[in-house]
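Order-wise, the sequence lines are chains A and B.
To convert, take the position in the first sequence, counting from 1, and add 1; that gives this note's numbering.
To convert, take the position in the second sequence, counting from 1, and add 5; that gives this note's numbering.
Cβ coordinates follow ideal geometry from the N, Cα and C atoms, glycine included.
Notes for the one structure printed next.
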Amino acid sequence: AQSVTQLGSHVSVSEGALVLLRCNYSSSVPPYLFWYVQYPNQGLQLLLKYTSAATLVKGINGFEAEFKKSETSFHLTKPSAHMSDAAEYFCAVTPNFGNEKLTFGTGTRLTIIP
Amino acid sequence: GAGVSQSPSNKVTEKGKDVELRCDPISGHTALYWYRQRLGQGLEFLIYFQGNSAPDKSGLPSDRFSAERTGESVSTLTIQRTQQEDSAVYLCASSLGLWSGELFFGEGSRLTVL
Numbered sequence: 002a003q004s005v006t007q008l009g010s011h012v013s014v015s016e017g018a019l020v021l022l023r024c025n026y027s028s029s030v031p032p033y034l035f036w037y038v039q040y041p042n043q044g045l046q047l048l049l050k051y052t053s054a055a056t057l058v059k060g061i062n063g064f065e066a067e068f069k070k071s072e073t074s075f076h077l078t079k080p081s082a083h084m085s086d087a088a089e090y091f092c093a094v095t096p097n098f099g100n101e102k103l104t105f106g107t108g109t110r111l112t113i114i115p
Numbered sequence: 006g007a008g009v010s011q012s013p014s015n016k017v018t019e020k021g022k023d024v025e026l027r028c029d030p031i032s033g034h035t036a037l038y039w040y041r042q043r044l045g046q047g048l049e050f051l052i053y054f055q056g057n058s059a060p061d062k063s064g065l066p067s068d069r070f071s072a073e074r075t076g077e078s079v080s081t082l083t084i085q086r087t088q089q090e091d092s093a094v095y096l097c098a099s100s101l102g103l104w105s106g107e108l109f110f111g112e113g114s115r116l117t118v119l
């Protein structure tokens, strides 16, 4: 069975600093990986996804993530944090194409320090 | 509205009572999902509807939980004889069912069982 682990339930960064949110996966087959974001008082929305094409994936709002098979990781980064990035971020995995039953991590709450 | 709508947004009930949670998916979305999020935990898959196919009920935690969907429209999640451990946010999501990996989530229904 596939799973994801998000290291750090809370991350704080200064405005303008690098954002790094960690996600490691466990899967017996090549996975498909996703990052979702939940802004305050809103539903989760897709930030970006990896589906075995390019290993570096670009998403909305300047975020990107790199699939590293050797490290079983799919960390989310943004070069310069903005106050509007404050939200909860969820990593998710599904084992194969055509399976939309995503398995989510526990989430990381990102706080931006002015 | 244009998004996934869930009701009620908050529900407080007494142990042993039955509750119904409602989800209105985005029009035209054939796939509908229910997830549960307990405090400090990730999203836990409950059930998945896709068109006229038999639903995937593999995530329902007990026979006290059931869900229905009428065609490709509204879904109701019913919890019978609620227990305190049922306290959680119940999230509904819908998608086009074409496997884009993009689920559109509602804001959730927060259930508190006293």
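For this session: Give the residues of chain A in contact with B/Asp29, contact being defined as C-beta atoms less than 8 Å apart.
Result: Here residue 29 of chain B corresponds to residue number 24 of the second sequence, with the count starting at 1. None at all; the shortest Cβ gap to chain A is about 13 Å.
For this session: Answer yes or no: does any C-beta atom of chain A fall closer than 9 Å to that of B/Ser100?
Result: Residue 100 of chain B sits at position 95 when you count from the first residue of the second sequence. Chain A contact via Cβ: present.
Exercise. What does DSSP give as the partner residues of B/Glu77 in its beta bridges?
Worked result: Taking the first residue of the second sequence as 1, we reach residue 77 of chain B at position 72. Looking at the DSSP assignment, B/Glu77 forms no beta bridge with any residue, so it has no partner.
Exercise. Taking Cβ-Cβ distances shorter than 8 Å, what residues in chain A pair up with B/Gln46?
Worked result: Here residue 46 of chain B refers to the residue found at position 41 of the second sequence. Under the 8 Å cutoff, chain A gives Thr107.
For this session: Flag A/Gln3 as yes if its beta-carbon sits less than 9 Å from any beta-carbon of chain B, otherwise no.
Result: For the purposes of this step, residue 3 of chain A is taken as residue 2 along the first sequence, with counting starting at 1. Output row for A/Gln3: interface = no.
Exercise. Is the number of C-beta pairs between the stretch 104 to 112 of chain A and the stretch 11 to 30 of chain B that are closer than 8 Å three or more?
Worked result: no
Problem set entry | Where B/Phe54 meets chain A, residues with beta-carbon distance less than 8 Å | For this step, residue 54 of chain B is matched to residue 49 along the second sequence. Under the 8 Å cutoff, chain A gives no residues; its nearest Cβ is about 11 Å from B/Phe54.
Problem set entry | Distance CB(A/Trp36)-CB(A/Phe68) smaller than 9 Å | Against the first sequence, residue 36 of chain A aligns to sequence position 35. Against the first sequence, residue 68 of chain A aligns to sequence position 67. No, they are not a contact pair.
Problem set entry | Rounded straight-line distance, which links the Cα of A/Thr104 to that of B/Leu65 | Within the second sequence, residue 65 of chain B is the residue found at index 60, counting from 1. Within the first sequence, residue 104 of chain A is the residue found at index 103, counting from 1. The straight-line gap from Cα to Cα measures roughly 14 Å.
Problem set entry | Sheet register partners of A/Ser112 (DSSP bridge) | Walking along the first sequence from the start, residue 112 of chain A turns up at place 111. One point to set straight first is that residue 112 of chain A is Thr, not Ser, in the sequence displayed. Bridge partners of A/Thr112: A/Ser13.
For this session: Report the three-state DSSP secondary structure of B/Asp91 (helix, strand or coil).
Result: Within the second sequence, numbered from 1, the residue matching residue 91 of chain B stands at position 86. In the structure shown, B/Asp91 sits in a helix (DSSP, three-state: H, G or I).
Exercise. Thinking C-beta only, is B/Ala59 closer than 9 Å to B/Gly102?
Worked result: Here residue 102 of chain B refers to the residue found at position 97 when the second sequence is read from its first residue. Here residue 59 of chain B refers to the residue found at position 54 when the second sequence is read from its first residue. The answer is no: Cβ separation not under 9 Å.
Exercise. B/Arg69: which of B/Asn57, B/Gln55, B/Leu82 and B/Ser78 sits nearest, CA to CA?
Worked result: Locating residue 69 of chain B in the second sequence gives position 64, counting from the first residue. Residue B/Leu82 is the option with its Cα nearest to B/Arg69.
For this session: Flag B/Gly33 as yes if its beta-carbon sits less than 9 Å from any beta-carbon of chain A, otherwise no.
Result: The residue labelled residue 33 of chain B in the question sits at position 28 within the second sequence. For B/Gly33, the answer is no, since every Cβ of chain A falls outside 9 Å of its Cβ.
Exercise. How would you list, in chain order, the residues of chain B whose beta-carbon sits under 9 Å from the beta-carbon of A/Lys59?
Worked result: Here residue 59 of chain A corresponds to residue number 58 of the first sequence, with the count starting at 1. What A/Lys59 touches in chain B: nothing, since even the nearest Cβ is about 15 Å away.
Exercise. Under 9 Å between the Cβ atoms of A/Tyr33 and B/Gly106?
Worked result: Counting from one through the first sequence, the residue named residue 33 of chain A turns up at place 32. Counting from one through the second sequence, the residue named residue 106 of chain B turns up at place 101. Closer than 9 Å, so yes.
For this session: From the DSSP output, in three-state form, read off A/Ser85 for me.
Result: Within the first sequence, the letter at position 84 stands for residue 85 of chain A. The DSSP-derived three-state label of A/Ser85 is helix.
Exercise. Can you list, in chain order, the residues of its chain whose CB lies under 7 Å from that of A/Pro96, leaving out five sequence neighbours each side?
Worked result: The residue you call residue 96 of chain A lines up with position 95 of the first sequence. Within the same chain, A/Pro96 has close Cβ partners Gln3, Ser28, Val30 and Pro32.
Problem set entry | From B/Leu48, B/Leu116 and B/Ser10, residue whose alpha carbon lies closest to that of B/Thr87 | Counting from one through the second sequence, the residue named residue 87 of chain B turns up at place 82. Ranking B/Leu48, B/Leu116 and B/Ser10 by Cα distance to B/Thr87 puts B/Leu116 first.
Problem set entry | Backbone CA spacing between A/Glu72 and A/Ser10 [nearest angstrom] | Against the first sequence, residue 72 of chain A aligns to sequence position 71. Against the first sequence, residue 10 of chain A aligns to sequence position 9. Distance between the alpha carbons of A/Glu72 and A/Ser10 is about 20 Å.
For this session: Starting from B/Arg115, follow the beta strand (DSSP E) in both directions and report where the run begins and ends.
Result: By 1-based counting over the second sequence, the position of residue 115 of chain B is 110. Unbroken beta strand (DSSP E) run through B/Arg115: Ser114 to Val118.
Problem set entry | Below-9 Å beta-carbon distance, A/Ser1 vs any chain B residue | Summary: the structure shown does not reach residue 1 of chain A, with chain A confined to residues 2 through 115, and so no result is reported for it.
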